[in-house]
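Q: Submitted below is the structure of interest, expressed as structure tokens.
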Ligand code: ADP
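Numbering (the numbering used here), first residue to last: 1485 to 1750.
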């Protein structure tokens, strides 16, 4: 199974059955082995991405609380050289950030050519949160979709390959994970009372995500909806999509300068 990019309303499935898809047909080990093949490949290709220097890769991770964004970063980028990858976690904007346009803090974190950038939450929070809390009108959200599409198009034209993943977790699985955060002392620190407020707004978030997916999945910056209830399935699908996109970049080591090759080491 491969993830397909979102293309219009009909390809957006956010029900529980879409969250619980599992690829465990031939055993967990087989799944982990396949994932390792892709994560290793991402590590190899990252070396070439750096040497090649023509492109950057930007991976955007969005999803509800406890949908597995942190785990995805840990698992999918396990073979990447930390020097070549920067992860940015976007929290609620600071007072300074609020005084700027919503893309100000985002643009500066976009990876330069040669690098992988991972956004753990992103500029999409600026459409989701204010829409759910009714802080902006529908027409404001539409304007933001247009700004985002233009921004991402500009990045793509400048060599940034963009992949966006919406980690789709079911309501039941989120409950299990939040409960675990309460009862496991090594996970307590992750629990925020706000998570419960957001959980109460489940349907409003689903609607807001639907809007984002419908209006901002483009050829140059596609969205992928990832079944995220089963973690190994999530990791395999995301790793494969990223590895495939990196293969498509036809990365290459730059040819050596003949003058350098002619040098003699004494
Ligand atoms: P995480 O859940 O990502 O591990 P936190 O528990 O600190 O980290 O949650 C970050 C919070 O910041 C989330 O509730 C998220 O909705 C919020 N946030 C991030 N960006 C924005 C934004 N642009 N506007 C409003 N809230 C935001």
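Cβ atoms here follow ideal geometry from the backbone N, Cα and C, with glycine treated the same way.
(1) Can you give, in chain order, each stretch of the alpha helix (DSSP H) that sits fully within the segment 1659-1696 and has at least 4 residues?
(2) Going by CA-CA distance only, name the one from 1668, 1569, 1549 and 1671 that's closest to residue 1682.
(3) CA-CA distance, residue 1498 and residue 1647?
(4) On the three-state DSSP scale, how would you describe residue 1604?
(5) One question on the structure: do residue 1479 and residue 1727 come within less than 9 Å of each other, judged by their Cβ atoms?
(6) Enumerated in chain order, which unbroken segments of the beta strand (DSSP E) with a length of 3 residues or greater are wholly contained in the segment 1488-1537?
(7) Cα separation between residue 1736 and residue 1645?
(8) CA-CA distance, residue 1616 and residue 1738?
(9) Going by other Cβ atoms of all chains shown within 10 Å of its Cβ, with 16 needed for buried, is residue 1717 buried or exposed?
(10) Confirm the yes/no value for this check: CB of residue 1674, any heavy atom of the ligand ADP, distance under 8 Å.
(11) Run through DSSP, which three-state label would residue 1726 get?
(12) May I ask you to report which of helix, strand or coil DSSP gives residue 1627?
A: Per the coordinate set shown:
(1) Residue ranges of uninterrupted alpha helix (DSSP H) with 4 or more members, entirely inside the segment 1659-1696 and ordered along the chain, are 1677-1684.
(2) Numbered from its first residue, the chain shown carries residue 1682 at position 198. With distances taken between Cα atoms, residue 1682 lies closest to 1549.
(3) For the purposes of this step, residue 1498 is taken as residue 14 along the chain shown, with counting starting at 1. For the purposes of this step, residue 1647 is taken as residue 163 along the chain shown, with counting starting at 1. Answer to the nearest angstrom: the Cα atoms are 19 Å apart.
(4) Start at 1 with the first residue of the chain shown, and residue 1604 comes out as number 120. Annotated three-state conformation of residue 1604 is strand, per DSSP.
(5) Because the chain spans 1485 through 1750 in this model, residue 1479 falls outside it and cannot be assessed.
(6) Those beta strand (DSSP E) runs which fall completely within the segment 1488-1537 and span 3+ residues do not exist here.
(7) By 1-based counting over the chain shown, the position of residue 1736 is 252. By 1-based counting over the chain shown, the position of residue 1645 is 161. Whole-angstrom Cα-Cα distance: 16 Å.
(8) On the chain shown, residue 1616 is found 132 positions in, with the first residue counted as 1. On the chain shown, residue 1738 is found 254 positions in, with the first residue counted as 1. Looking at the backbone, the Cα of residue 1616 and that of residue 1738 are separated by about 48 Å.
(9) The residue given as residue 1717 occupies position 233 in the chain shown. By the 10 Å Cβ count, residue 1717 comes out buried.
(10) Mapped onto the chain shown, residue 1674 falls at position 190. For the ligand ADP, at least one heavy atom lies less than 8 Å from the Cβ of residue 1674.
(11) Start at 1 with the first residue of the chain shown, and residue 1726 comes out as number 242. DSSP, read as helix, strand or coil, puts residue 1726 in helix.
(12) By one-based count along the chain shown, residue 1627 stands at place 143. Judged by DSSP in its simplified three-state form, residue 1627 adopts helix.
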